[in-house]
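Note sheet for the following structure.
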Amino acid sequence: MTMSMFTCKPTHPFLQIQAGNSRLSSRLRPSKDKVVVVMGATGTGKSKLSVDLATQFNGEVVNADKMQVYEGLDVITNKITAEESCGVPHHLLGIKHPSADFTCTDFSNMASSTVASIIDQKKLPIIAGGSNSYIEFLIDNEAAGFRSKYDCCYLWVDVSMTVLHQIISDRADRMVEKGMVDEARQMFSPNADYSTGIRRAIGVPEFDYYFRLEPHVNEETRAKLLQEAIYEVKINSCKLACRQQDKILRLMHDKGWDIQRLDATDAFLKYGKESNKAWKELVLKPSKAIVSQFLKSSDPKLHNNGTTLKAMVTSTR
1 MTMSMFTCKP
11 THPFLQIQAG
21 NSRLSSRLRP
31 SKDKVVVVMG
41 ATGTGKSKLS
51 VDLATQFNGE
61 VVNADKMQVY
71 EGLDVITNKI
81 TAEESCGVPH
91 HLLGIKHPSA
101 DFTCTDFSNM
111 ASSTVASIID
121 QKKLPIIAGG
131 SNSYIEFLID
141 NEAAGFRSKY
151 DCCYLWVDVS
161 MTVLHQIISD
171 RADRMVEKGM
181 VDEARQMFSP
191 NADYSTGIRR
201 AIGVPEFDYY
211 FRLEPHVNEE
221 TRAKLLQEAI
231 YEVKINSCKL
241 ACRQQDKILR
251 LMHDKGWDIQ
261 RLDATDAFLK
271 YGKESNKAWK
281 ELVLKPSKAI
291 VSQFLKSSDP
301 KLHNNGTTLK
311 AMVTSTR
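Residue 1 is where the sequence shown starts when you use my numbering, and the numbers rise one by one after that.
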């Protein structure tokens, strides 16, 4: 369903009594434009939810993953595929040279411009990604003035860390099947700098030792070194997930961001149709209810507690 409210910006008239007479005059106060932000640790389904919401609310996605902004390494950086995107336009995806620097300021400038362009087209910007430092800088950087221009609805797709670690491990195995090792080999150089550009991505530096020794050891040793490298990818990805979760909690508790948590754990514990059913019930349905209410409301503060959220979701059933 496409939200008809995108045809014009809602306004809210109020009456003002002028001093010295009883004459009434009306004045229009335009509300801010709306932006949805989808957050979460790696592997929790942020991309899937952003596409689901963009399809529902006539939106376009702005990538907020600091490794996916670079060209190449589509498997290692887990870029969304054309099939997965379901025709939804994605911005800031694969736009930078692999060795280029891309700072928080760079992201803020490009994301701000992209959000404005999407709104000009009467569409809903959906910022989605796991690089919370990018998102925080974009929204809280006073120089950019993002908060003065937009009201934001924050959605957090969360998965139990125990379950998520297994998801990450299984995903790494699938990435190997899709060609992760060959992608990493293309980036290998004896003098490689793993502190800049796309070489910082998890799945690149972990294979350095393997590639260095690969030509000089027997098949059994090569196999062992390869498994050790893959295991390191899994461990570092799990560590990243923990940092991402901690950052979201800090934004909530220390900075007061009104972030709506959606527990997707059960959707990942099930398989096939049951998994899809759980995703729709536990993640998509409440997300659609939250965003729908957010788009209708002129109040940037949205559902501050679980009771309110639960009541709203129940009312949609």
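Backbone N, C-alpha and C fix where the C-beta goes; we use that ideal spot for every residue, glycine too.
Nothing here was measured: the structure is a model prediction, and the numbers come from that model.
Looking at the structure shown, is residue i part of a helix, part of a strand, or coil, going by DSSP?
i: Ser297; result: coil
i: His97; result: coil
i: Met39; result: strand
i: Glu281; result: helix
i: Asp52; result: helix
i: Glu60; result: strand
i: Leu138; result: helix
i: Lys66; result: coil
i: Lys32; result: coil
i: Gly45; result: coil
i: Lys79; result: coil
Below 8 Å on the Cβ atoms is my guess for residue i versus residue j; work out the distance and round it to an integer in Å.
i: Ala41; j: Gly130; result: 6 Å
i: Ala383; j: Val204; result: Shown here, the chain extends from 1 to 317; a query on residue 383 therefore has no answer.
i: Ser50; j: Val61; result: 5 Å
i: Tyr150; j: Lys32; result: 5 Å
i: Leu226; j: Tyr210; result: 6 Å
i: Ile135; j: Met39; result: 7 Å
i: Leu92; j: Ala116; result: The Cβ separation is near 14 Å, so there is no contact.
i: Ile168; j: Leu73; result: Going by Cβ atoms, the distance from Ile168 to Leu73 rounds to 17 Å, so no, they are not a contact pair.
i: Gly94; j: Glu71; result: 5 Å
For residue i, does the count of other Cβ atoms within 10 angstroms reach 16, so buried, or fall short, so exposed?
i: Val217; result: exposed
i: Cys242; result: exposed
i: Ala82; result: exposed
i: Ala64; result: buried
i: Asp246; result: exposed
i: Glu206; result: buried
i: Lys46; result: buried
i: Asn78; result: buried
i: Leu164; result: buried
i: Gln121; result: exposed
i: Asn304; result: Bear in mind that a pLDDT of 39 at Asn304, under 50, signals an unreliable position, so the model cannot answer this.
i: Pro190; result: exposed
i: Leu284; result: buried
i: Asp101; result: exposed
i: Asp158; result: buried
i: Ser148; result: exposed
i: Ala223; result: exposed
i: Leu213; result: exposed
Which residues mark the beginning and the end of the beta strand (DSSP E) in which residue i is found?
i: Ala128; result: 124 to 128
i: Cys153; result: 150 to 158
i: Leu251; result: Premise fails: Leu251 lies in the alpha helix (DSSP H), 219 to 253, not in any beta strand (DSSP E).
i: Arg261; result: 259 to 263
By the DSSP assignment, the alpha helix (DSSP H) with residue i in it spans what residues?
i: Arg212; result: 208 to 213
i: Asp106; result: 104 to 120
i: Leu164; result: 161 to 177
i: Asp193; result: That residue, Asp193, is in no alpha helix (DSSP H); it is neither H nor E in DSSP.
i: Val71; result: Note that residue 71 is Glu in the sequence shown here, rather than Val. Counting along the chain, Glu71 falls outside any alpha helix (DSSP H), and DSSP gives it neither H nor E.
i: Ser85; result: 82 to 85
Check each candidate in the options and name the one with the smallest Cα separation from residue i.
i: Glu84; options: Phe146, Asp52, Val233; result: Asp52
i: Ile230; options: Asp182, Trp257, Tyr134; result: Asp182
i: Arg261; options: Gly94, Pro98, Ser160, Tyr271; result: Ser160
i: Ala267; options: Lys255, Lys123, Glu281; result: Glu281
i: Val69; options: Glu60, His90, Ala54; result: His90
i: Lys48; options: Ser195, Gln121, Ile126; result: Ile126
i: Ile318; options: Lys234, Ile290, Ser275, Ile248; result: With the chain running from 1 to 317 in the structure shown, residue 318 is simply not present.
i: Met67; options: Trp257, Ser195, Arg200; result: Arg200
i: Thr196; options: Thr44, Lys96, Leu155; result: Lys96
i: Trp279; options: Ala264, Phe107, Ser237, Gln293; result: Ala264
i: Leu249; options: Ile167, Met187, Phe211, Asn132; result: Asn132
i: Tyr154; options: Lys273, Ser275, Gln293, Trp257; result: Trp257
i: Phe146; options: Ile168, Thr114, Gln166, Thr221; result: Thr114
i: Gly43; options: Arg212, Pro98, Ala289, Leu240; result: Leu240
i: Thr55; options: Lys123, Glu220, Ile290; result: Lys123
i: Thr103; options: Ala116, Gly72, Glu71, Leu138; result: Leu138
i: Ile259; options: Phe188, Ser275, Lys270, Val291; result: Val291
i: Ser237; options: Lys277, Cys152, Asp170; result: Asp170
i: Ser108; options: Glu142, Glu232, Gly94, Phe294; result: Glu142
i: Val37; options: Val88, Trp156, Thr105; result: Trp156
i: Ile202; options: Glu274, Met180, Met252; result: Met180
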